[in-house]
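Undergrad:
Protein chains in written order, with my numbering: chain A, 1 to 408; chain B, 409 to 816.
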């Protein structure tokens, strides 16, 4: 049993309260055993009944729950820096996609890379994310777009999840875009997804969630509905890329199919917000993508005021969000969307955990949950997210094991 | 004499070309001696006449000129994280200033901190900036606002400049805001600045430039003109905080007084742009401040198209820009202002050097200039500024001496 004492501020992020209440405990201790939290509370109230403890010292620093990046496209081949220069000169994402760039460019590079290269690259990214305090990562396929290549991406995630230490939650995103082979046979691609890919993914238990990109140029609401129907019958809940570039009914569909989350939402309608609130769908804000694509910010205040929980994630991918820096996304959620630092931290911990159905296991520092946490060099959450630094995380712990330590 | 060979891409940023031409040399070498560059060119063309060389290897990485942060408020007491949470909820900078927050809050904390604490804090910031590839930092006073306290801040910069290794260029910003002691005697404060502070700063050679915050709630164009007239007679050129929150004639004034730079410019008028172009004033873009204050982006394309060189800097300060991350400012200059990665890099090197009158000495990698450079883990500039990471700099060299090395 290990006791971490002298925590300047233990930010538990317990969910049993308002969005702005972090349940933070000053001068605190955290006790864990066999990877699980046994006790969390003030330094001077550690129960004697806990028995013999190995003592560690947090040096007065802040401890927060391990960050949960609940929306990434972790494994991909190549990069798309060339498109970045085109976009900053004013070309739209849709224009670049039509000229053979965009998602399909990464699909070509991903198919060419092969499983070993994809696994090595994704593993390196996980290591870098871990240094920022990230302990759980949702990871989507969607750059394969054949049965074999989608399964390859999901096997990469399976392998990374098994190896650890970062927890990986896989999502199948065969409905990312229609691949060139099916350009003139959309119905055929949908049959491939619903009759071949999804059943095989389910049989091999390669994904927990099924995602679809509902957007002009990607999939219609009705096409996505077919995909989610098949996924649901196979035991996979829906997640959606919704209302990112246009208001296209994605939020409404998410509510309708009981999705665990609807992500992006830069152009969500009021009706979509109301439907999400009624259905209990989590909104996932992806402010790095909004920044890189010059989209309006997600209307976080409207969503929160309507009772929709708002998670914050990176959307890490080689096109629209080429950064895995989750604390940057959290600071941007404050500066561009009007989320408070407390809301942004909850959004990247307990609410993000809910967006991947893991809220019983991770996302807050409470008895019985996994001992996943980050030690942050800041006196409080406001200061951390306000004073943006390359990396304020000085130690990352997953399942009670220290997996990263900074130089200070 | 030292030879750094196997540079994947040597980005010289030579100024004798268009804003988008970086004069980058693939497979290059860089040779320096006694802190100065002796030769830069392709690996296979190193002149035999250079004699005996100590060989180092860049591992195929990119080398860029040391970054120049040409607008910071480096030394200050306290922080203002509390105001960040207020601002994200919608309070304006002006409202916070009126309620006793803003600059005056930092003035109180700075006066209370004392010279030793201010120097230690600023020194730590310089060390962290250096790790990002920053080799020169412009540093403003402006949080003292008494003769004694402004001189104290400038002595801190003098001490840091003397100690090195980061080059520090000091600017006196007594005209930052009217201090509470002179709230009902603006003319008295202007006399203090022009008749006491500036002459003493000049006599002790404590500042190269004189800055003023031209804005509603700070100083009028006519008041700033008085300050610049006094500074000019003492040999100090003008720099301006211009048109940040409102269009207030700052750019026109900068042109009129022959300022070396006009900074912020989120609300610059077309007439102001034309005047700056005609007078050769450098525009300094501060996209981190625009982000944190939710200001519109500086119209970089308009300025560049009008022939105004645009530098990029952090504006590092505890209120409106609490981050010293210059590569973040460069990425934001691309994503929010439509600058190309090449323009952003020139903006943070050779154009930034011009904004502090140092373009003959630093800002590009050319024979005779200081051997100040950063080794970047990226194949090219597009990739570096597109794939935002905590820190892509793996080695920083100032005056030929390696002052920082990353873990990889």
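Note that CB positions come from ideal geometry on N, CA and C, so glycine has one too.
None of these values were measured; they are calculated from a predicted model.
1) Measure from the alpha carbon of residue 298 of chain A to the alpha carbon of each residue in A:286, A:45, A:331 and A:308, then state which is nearest.
2) Note down, one range per segment and in chain order, each beta strand (DSSP E) of at least 3 residues found wholly within the stretch 203 to 249 of chain A.
3) Cutting at 6 angstroms between CB atoms, please list the residues of its own chain near residue 764 of chain B, excluding the five before and the five after it.
4) What residues in its chain sit with their C-beta under 8 angstroms from that of residue 155 of chain A, if we drop five residues either side in the sequence?
5) Verify the contact flag: residue 462 of chain B, CB atom, against every heavy atom of the ligand NAP, threshold strictly below 7 angstroms.
6) Thinking C-beta only, is residue 779 of chain B closer than 8 angstroms to residue 814 of chain B?
7) Quick check on residue 334 of chain A - is its C-beta less than 8 angstroms from some C-beta in chain B?
8) Do residue 550 of chain B and residue 584 of chain B have their C-beta atoms within less than 8 angstroms of each other?
9) Pull up the distance between the alpha-carbon of residue 212 of chain A and that of residue 430 of chain B, whole angstroms please.
10) State yes or no: is the C-beta of residue 316 of chain A within less than 8 angstroms of the C-beta of residue 72 of chain A?
11) Could you check whether the Cβ of residue 132 of chain A sits closer than 8 angstroms to any Cβ belonging to chain B?
12) Are the beta-carbon atoms of residue 202 of chain A and residue 236 of chain A separated by less than 8 angstroms?
13) Starting from residue 343 of chain A, trace the alpha helix (DSSP H) in both directions and tell me its first and last residue.
14) Can you tell me whether DSSP reads residue 57 of chain A as helix, strand or coil?
15) On the premise that residue 396 of chain A lies in contact with residue 135 of chain A, defined as a C-beta separation below 8 angstroms, what is that separation, rounded to the nearest angstrom?
16) Any C-beta of chain A sitting closer than 8 angstroms to the C-beta of residue 799 of chain B?
17) Does the distance from the CB of residue 289 of chain A to the CB of residue 264 of chain A come in under 8 angstroms?
18) Going by DSSP in three states, residue 383 of chain A sits in which element: helix, strand or coil?
19) Kindly indicate the opening and closing residues of the alpha helix (DSSP H) around residue 762 of chain B.
20) Bridge partners of residue 781 of chain B, per DSSP?
21) Going straight from the alpha carbon of residue 669 of chain B to that of residue 412 of chain B, what length do you get?
22) On a CA-only basis, which of B:483, B:692 and B:423 is nearest residue 518 of chain B? Give me that one, please.
23) Could you give the uninterrupted runs of the alpha helix (DSSP H) lying entirely in the stretch 5 to 47 of chain A, keeping only those of 4 residues or more?
24) Counting only beta-carbon atoms, is residue 89 of chain A nearer than 8 angstroms to chain B?
25) Below 8 angstroms between beta carbons: does that hold for residue 447 of chain B and residue 410 of chain B?
26) Are the CB atoms of residue 221 of chain A and residue 249 of chain A within a distance shorter than 8 angstroms?
27) Where residue 652 of chain B and residue 622 of chain B are concerned, what is the direct C-alpha to C-alpha distance, given to the nearest angstrom?
28) Could you name the residues of the stretch 290 to 306 of chain A whose beta carbon sits closer than 8 angstroms to any beta carbon of chain B, in the order they occur along the chain?
29) Is residue 277 of chain A close to chain B, meaning its C-beta is less than 8 angstroms from at least one C-beta of that chain?
30) Given residue 308 of chain A, which residues of its chain have a CB within under 6 angstroms of its CB, disregarding the five upstream and five downstream residues?
31) Which whole runs of the beta strand (DSSP E) in the stretch 503 to 536 of chain B are 3 residues long or more, in chain order?
32) How about the stretch 520 to 540 of chain B and the stretch 501 to 508 of chain B: do they share at least three Cβ pairs that are nearer than 8 angstroms?
33) Can the beta-carbon of residue 382 of chain A be found less than 8 angstroms from the beta-carbon of residue 394 of chain A?
34) From A:209, A:164, A:42 and A:196, pick the residue whose C-alpha is nearest to that of residue 123 of chain A; which is it?
35) Taking Cβ positions only, does residue 339 of chain A come closer than 8 angstroms to chain D?
TA: Short version:
1) The residue given as residue 298 of chain A occupies position 298 in the first chain. Nearest to residue 298 of chain A by alpha-carbon distance, out of A:286, A:45, A:331 and A:308, is A:286.
2) Contiguous beta strand (DSSP E) elements confined to the stretch 203 to 249 of chain A occur at 209 to 214 and 237 to 242, taking only those with 3 or more residues.
3) As a first step, residue 764 of chain B must be located in the second chain, where it is residue number 356. Residues of the same chain with a CB within less than 6 angstroms of the CB of residue 764 of chain B, apart from the 5 flanking positions on each side, are 478, 546 and 577 in chain order.
4) Translated into positions along the first chain, residue 155 of chain A becomes position 155. Only 115 and 206 meet the Cβ criterion.
5) As for the ligand NAP, it is missing from this structure, which has no ligand bound.
6) Reading the second chain from its first residue, position 406 is the one you call residue 814 of chain B. Reading the second chain from its first residue, position 371 is the one you call residue 779 of chain B. For residue 814 of chain B and residue 779 of chain B, no; Cβs fall outside 8 angstroms.
7) Stepping through the first chain from its first residue, residue 334 of chain A is reached at position 334. Closer than 8 angstroms: yes.
8) Here the question's residue 550 of chain B lines up with position 142 in the second chain. Here the question's residue 584 of chain B lines up with position 176 in the second chain. One thing to note: residue 550 of chain B has its Cβ within 8 angstroms of the Cβ of residue 584 of chain B.
9) Within the first chain, numbered from 1, the residue matching residue 212 of chain A stands at position 212. Within the second chain, numbered from 1, the residue matching residue 430 of chain B stands at position 22. Near 41 angstroms, if we compare the C-alpha coordinates of residue 430 of chain B and residue 212 of chain A.
10) Mapped onto the first chain, residue 316 of chain A falls at position 316. Mapped onto the first chain, residue 72 of chain A falls at position 72. Cβ atoms of residue 316 of chain A and residue 72 of chain A: closer than 8 angstroms.
11) In the first chain, the residue the question calls residue 132 of chain A occupies position 132. Yes, its Cβ sits closer than 8 angstroms to a Cβ of chain B.
12) Numbered from 1 along the first chain, position 202 holds the residue referred to as residue 202 of chain A. Numbered from 1 along the first chain, position 236 holds the residue referred to as residue 236 of chain A. Yes, the Cβ-Cβ distance between residue 202 of chain A and residue 236 of chain A is below 8 angstroms.
13) Here residue 343 of chain A refers to the residue found at position 343 when the first chain is read from its first residue. In the DSSP annotation of this structure, the continuous segment of the alpha helix (DSSP H) that includes residue 343 of chain A starts and ends at 341 to 347.
14) In the first chain, residue 57 of chain A corresponds to position 57, counting from 1. Strand, per DSSP.
15) In the first chain, counting from the first residue as 1, residue 135 of chain A sits at position 135. In the first chain, counting from the first residue as 1, residue 396 of chain A sits at position 396. At roughly 7 angstroms, the Cβ-Cβ gap stays under 8 angstroms, so residue 135 of chain A and residue 396 of chain A are in contact.
16) Start at 1 with the first residue of the second chain, and residue 799 of chain B comes out as number 391. Judged by the 8 angstroms Cβ criterion, residue 799 of chain B is in contact with chain A.
17) As a position in the first chain, residue 289 of chain A is number 289, starting the count at 1. As a position in the first chain, residue 264 of chain A is number 264, starting the count at 1. Cβ atoms of residue 289 of chain A and residue 264 of chain A: closer than 8 angstroms.
18) Within the first chain, the letter at position 383 stands for residue 383 of chain A. Helix at residue 383 of chain A.
19) Counting from 1 along the second chain, the entry for residue 762 of chain B is found at position 354. Residue range 758 to 763 is occupied by the alpha helix (DSSP H) that includes residue 762 of chain B.
20) Against the second chain, residue 781 of chain B aligns to sequence position 373. Per DSSP, B:473 and B:805.
21) Along the second chain, one-based indexing puts residue 669 of chain B at 261. Along the second chain, one-based indexing puts residue 412 of chain B at 4. Straight-line Cα distance between these residues: approximately 34 angstroms.
22) On the second chain, residue 518 of chain B is found 110 positions in, with the first residue counted as 1. Nearest C-alpha to residue 518 of chain B: B:483.
23) Positions of the alpha helix (DSSP H) runs, each at least 4 residues long and wholly inside the stretch 5 to 47 of chain A, cannot be given because no such run exists.
24) Along the first chain, one-based indexing puts residue 89 of chain A at 89. Yes, residue 89 of chain A counts as interfacial toward chain B.
25) Along the second chain, read from residue 1 onward, the residue named residue 447 of chain B stands at position 39. Along the second chain, read from residue 1 onward, the residue named residue 410 of chain B stands at position 2. No; because the gap between Cβ atoms is not below 8 angstroms, this pair is not in contact.
26) On the first chain, position 249 is the one that residue 249 of chain A refers to. On the first chain, position 221 is the one that residue 221 of chain A refers to. Judged by beta-carbon spacing, residue 221 of chain A lies within the 8 angstroms limit of residue 249 of chain A, meaning their Cβ atoms are closer than that value.
27) Here residue 652 of chain B is taken as the residue at index 244 of the second chain, counted from 1. Here residue 622 of chain B is taken as the residue at index 214 of the second chain, counted from 1. Between residue 652 of chain B and residue 622 of chain B, the C-alpha separation is close to 9 angstroms.
28) Result list: 291, 292 and 294.
29) Within the first chain, the letter at position 277 stands for residue 277 of chain A. For residue 277 of chain A, the answer is no, since every Cβ of chain B falls outside 8 angstroms of its Cβ.
30) Numbered from 1 along the first chain, position 308 holds the residue referred to as residue 308 of chain A. Hits under 6 angstroms: 276, 277 and 283.
31) Within the stretch 503 to 536 of chain B, no complete beta strand (DSSP E) run reaches 3 residues.
32) Touching, no, given that fewer than three Cβ pairs across the two stretches are closer than 8 angstroms.
33) One-based indexing of the first chain puts residue 382 of chain A at position 382. One-based indexing of the first chain puts residue 394 of chain A at position 394. Cβ atoms of residue 382 of chain A and residue 394 of chain A: not closer than 8 angstroms.
34) Numbered from its first residue, the first chain carries residue 123 of chain A at position 123. Residue 123 of chain A has its Cα closest to that of A:164, out of A:209, A:164, A:42 and A:196.
35) As a matter of chain content, chain D is missing from the structure shown, whose protein chains are A and B.
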